[in-house]
Amino acid sequence: MSIIKCPQTGRFLLQLGMYISDKGYWRYSGGEHRGKYVHRHLMEIAVGRSLRKDEMGEREHNAVSAKQFWFLSMFVWPLEKKQWDEYHANVLAEAK
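Position in the sequence shown counted from 1, then plus 72, gives you our numbering.
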């Protein structure tokens, strides 16, 4: 799996056409849904229509956020830590 760094935030990202916003939410970085929050898009798929601005209450939002947190903690953050550890090991090796 290929990992890249986001030029705006400096965070490592999976090459999925998504990035993590400053608020910690996944957003699409290109294509038809560019700039849209991933959790809102997934909810639109689930209900079969576009969401209004006032939809997706606190309960639904918290459920999606919990799943997103689980995904980040299981798959993204461990990869970021591994990439950082490898990067720093290489920098220290080159400095010697």
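C-beta atoms are modelled at their ideal positions from N, C-alpha and C, and glycine is treated no differently.
Let me know the secondary structure DSSP gives Tyr97 once reduced to three states. It is coil, neither helix nor strand.
Do the region 94–113 and the region 132–142 meet, that is, are 3 or more Cβ pairs less than 8 Å apart? Output reads yes: the region 132–142 touches the region 94–113.
Per DSSP, what are the beta-bridge partners of Tyr91 in this structure? Partner(s): Arg99.
Would Val110 and Met128 qualify as a contact pair, given that the criterion is a beta-carbon distance under 8 Å? No, Cβ-Cβ distance for Val110 and Met128 is not below 8 Å.
For Leu123 versus Arg112, is the C-beta spacing smaller than 8 Å? In this structure, Arg112 lies closer than 8 Å to Leu123 by Cβ.
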